[in-house]
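Colleague: Residue numbers (our numbering), protein chains in the order written: chain L, 121 to 301; chain F, 121 to 301.
2 protein chains.
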Amino acid sequence: MEETEEIEVLGSEPIYKGKIFDLSIYDIRHGELEYKREIIEHNGSVVIVPVFDDGTVGMVRQYRYAAGKFLLEIPAGTIEKDENIELAARRELEEELGVTASSFTKLTEFYVSPGFLTEKMYVYLATGLIETAQNLDEDEILSIERYSFPKLFEMIRNGEIEDAKTMCGIMLAGARLEVRF
Amino acid sequence: MEETEEIEVLGSEPIYKGKIFDLSIYDIRHGELEYKREIIEHNGSVVIVPVFDDGTVGMVRQYRYAAGKFLLEIPAGTIEKDENIELAARRELEEELGVTASSFTKLTEFYVSPGFLTEKMYVYLATGLIETAQNLDEDEILSIERYSFPKLFEMIRNGEIEDAKTMCGIMLAGARLEVRF
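(1) Helix, strand or coil: how does DSSP classify Lys110 (chain L) here?
(2) One question on the structure: do Leu213 (chain L) and Pro270 (chain L) come within less than 9 angstroms of each other, judged by their Cβ atoms?
(3) Output needed in chain order: residues of the stretch 133-145 of chain F with a Cβ under 8 angstroms from some Cβ in chain L.
(4) What do you get for Ala253 (chain F), buried or exposed, if any count of 16 or more other CB atoms within 10 angstroms of its CB means buried?
(5) For chain L, is any of its Cβ atoms less than 9 angstroms away from the one on Gly218 (chain F)?
(6) What does a CB cutoff of less than 6 angstroms around Glu215 (chain F) pick up in its chain, not counting 5 residues either side in sequence?
(7) Helix, strand or coil for Glu229 (chain F) per DSSP?
(8) Whose CA, out of L:Gly218, L:Gly151, L:Ile264, L:Thr228, lies closest to the CA of Gln182 (chain L)?
(9) Taking C-beta pairs closer than 7 angstroms, name the residues in chain A that Tyr155 (chain F) reaches, listed in chain order.
(10) Which residue comes first and which comes last in the alpha helix (DSSP H) that contains Ala209 (chain L)?
(11) Pull the bridge partners of Gln182 (chain L) from the DSSP assignment, please.
(12) Based on DSSP bridge pairs, tell me the residues matched to Glu154 (chain F).
(13) Please check if any C-beta of chain L sits within less than 9 angstroms of the C-beta of Lys285 (chain F).
(14) Which residue comes first and which comes last in the beta strand (DSSP E) that contains Pro170 (chain F)?
(15) Using three-state DSSP, classify Gly138 (chain L) as helix, strand or coil.
(16) Compare the C-beta of Met121 (chain F) against all C-beta atoms of chain L and say whether one is closer than 9 angstroms.
(17) Where do the ends of the alpha helix (DSSP H) carrying Ala295 (chain L) lie?
(18) Our contact map puts Gly248 (chain L) next to Ala221 (chain L) with C-beta atoms below 8 angstroms; I'd like the distance itself, whole angstroms only.
(19) Within 9 angstroms (strictly less), CB to CB, does Val232 (chain L) reach chain F?
(20) Around the C-beta of Lys240 (chain F), are 16 or more other C-beta atoms found within 10 angstroms, so that it is buried, or is it exposed?
(21) Quick check on the burial criterion: 16 or more other C-beta atoms within 10 angstroms. Buried or exposed for Tyr155 (chain F)?
(22) Can you tell me whether DSSP reads Gln276 (chain F) as helix, strand or coil?
(23) Check whether the Cβ atoms of Leu237 (chain F) and Ala208 (chain L) lie closer than 9 angstroms to each other.
(24) Is the beta carbon of Val180 (chain L) sitting closer than 9 angstroms to the one on Leu262 (chain L)?
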């Protein structure tokens, strides 16, 4: 197919309205071809690499039903409707890790499964951390751990970290702070 | 909540059976708490970093309805039911890029949105590439481009690459080939 042909979404059929995402089926016309695509519509997420003054990164170990086990990740959460993205990142950092940050720097943004999922993740580096208090939802199962960058790089290489946003965030924050992977 | 308490999935209600994924609602008991989780069930994906003998990486620029635009990514695709994972990676590499590889090395595996999506991605480094012929599905809109690692690192830093699996795959392949990010 020629990528210069016009692509048009003719309409979409809502299948499910959920708490975290909606599901719709898009009707697409592309040149002379018409087809359908199943799309999960998600409001996007914030991801934070929180680096303490001693150089360690604050991580959360959390039970994930979709994985069927605990995963070690950097703090993250869903952006609420109409919420400012950086404020969402600050909120999640305080809720999950119990810290505020004097400095927030945008590292990157990315899609995680763009074949069918609209979710985009916005990744921040947080430094100048000050401890306040953790404030979890009652159904969150989460403990805090702290690791140095060299240890995290080792855990990326040996498979102990198995979450894409965490790998990307750690490698990009390391490069920004000149602790190269 | 204590993470040592027993977590039990009591059952699940199927909501939608799709082509690429299914949607179910899980009923969960965790200690004295019971709650529901919306879960997208996906068979997993393969991701390939194909490095040509001249050191360039084969990429695909592809229209993504979930993003509403073209994204530059490394080759990837869904694992079919009961399909061997490495064979799925070899199939996708040949279909999308039109090459076979004499060497396939597993780099990593990761979840991409483990809060609600079971999709796991399996990432391979492919070298010793031999050109055959591209073989796309008729609804795939995709062109091939090749970039050096330093150029790809620059495109990760400046936001031209905005796909998590591509960022992770490029950074890990670079480290493996000693072309450091």
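No residue lacks a Cβ here, since even glycine has one placed at the ideal position from N, Cα and C.
Modeller: Straight from the coordinates:
(1) Past the boundaries of the shown model lies residue 110 (chain L); chain L is included only from 121 to 301, so the question cannot be answered.
(2) Position 93 of the first sequence, counted from the start, is the residue given in the question as residue 213 (chain L). Position 150 of the first sequence, counted from the start, is the residue given in the question as residue 270 (chain L). Cβ atoms of Leu213 (chain L) and Pro270 (chain L): not closer than 9 angstroms.
(3) Ile135, Tyr136, Gly138, Lys139, Ile140, Phe141, Leu143
(4) By 1-based counting over the second sequence, the position of residue 253 (chain F) is 133. With fewer than 16 other Cβ atoms within 10 Å, it is exposed.
(5) Mapped onto the second sequence, residue 218 (chain F) falls at position 98. Cβ-Cβ to chain L under 9 angstroms: no for Gly218 (chain F).
(6) The residue labelled residue 215 (chain F) in the question sits at position 95 within the second sequence. The residues are Asn255.
(7) Here residue 229 (chain F) corresponds to residue number 109 of the second sequence, with the count starting at 1. In the structure shown, Glu229 (chain F) sits in a strand (DSSP, three-state: E or B).
(8) The residue you call residue 182 (chain L) lines up with position 62 of the first sequence. For Gln182 (chain L), the nearest C-alpha among the options comes from L:Ile264.
(9) Structure shown: chain A not included; protein chains present are L and F.
(10) Here residue 209 (chain L) refers to the residue found at position 89 when the first sequence is read from its first residue. Counting along the chain, the alpha helix (DSSP H) containing Ala209 (chain L) begins and ends at 205-217.
(11) The residue you call residue 182 (chain L) lines up with position 62 of the first sequence. Per DSSP, L:Leu191, L:Leu262.
(12) Here residue 154 (chain F) is taken as the residue at index 34 of the second sequence, counted from 1. Its beta-bridge partners are F:Arg149.
(13) As a first step, residue 285 (chain F) is located in the second sequence; it is residue number 165 there, counting from the start. Closer than 9 angstroms: yes.
(14) On the second sequence, position 50 is the one that residue 170 (chain F) refers to. Segment 165-170, the beta strand (DSSP E) holding Pro170 (chain F).
(15) By one-based count along the first sequence, residue 138 (chain L) stands at place 18. It is coil, neither helix nor strand.
(16) Counting from one through the second sequence, the residue named residue 121 (chain F) turns up at place 1. The pLDDT assigned to Met121 (chain F) is 45, lower than 50, so where the model puts this residue is not dependable; a value taken from the coordinates is nonetheless given after this. For Met121 (chain F), the answer is yes, since a Cβ of chain L falls inside 9 angstroms of its Cβ.
(17) For the purposes of this step, residue 295 (chain L) is taken as the residue at position 175 of the first sequence. Where Ala295 (chain L) is concerned, the enclosing alpha helix (DSSP H) stretches over 284-296.
(18) For the purposes of this step, residue 248 (chain L) is taken as residue 128 along the first sequence, with counting starting at 1. For the purposes of this step, residue 221 (chain L) is taken as residue 101 along the first sequence, with counting starting at 1. Yes, they are in contact, since the Cβ atoms of Gly248 (chain L) and Ala221 (chain L) sit about 6 angstroms apart, within 8 angstroms.
(19) In the first sequence, counting from the first residue as 1, residue 232 (chain L) sits at position 112. Yes, its Cβ sits closer than 9 angstroms to a Cβ of chain F.
(20) Locating residue 240 (chain F) in the second sequence gives position 120, counting from the first residue. Flag for Lys240 (chain F) reads buried.
(21) Position 35 of the second sequence, counted from the start, is the residue given in the question as residue 155 (chain F). With fewer than 16 other Cβ atoms within 10 Å, it is exposed.
(22) Numbered from 1 along the second sequence, position 156 holds the residue referred to as residue 276 (chain F). Note that residue 276 (chain F) is Ile in the sequence shown here, rather than Gln. DSSP places Ile276 (chain F) in helix when its eight states are reduced to three.
(23) Numbered from 1 along the second sequence, position 117 holds the residue referred to as residue 237 (chain F). Numbered from 1 along the first sequence, position 88 holds the residue referred to as residue 208 (chain L). No, Cβ-Cβ distance for Leu237 (chain F) and Ala208 (chain L) is not below 9 angstroms.
(24) Your numbering for residue 180 (chain L) matches position 60 in the first sequence. Your numbering for residue 262 (chain L) matches position 142 in the first sequence. Against a cut-off of 9 angstroms, the Cβ pair of Leu262 (chain L) and Val180 (chain L) comes out as a contact.
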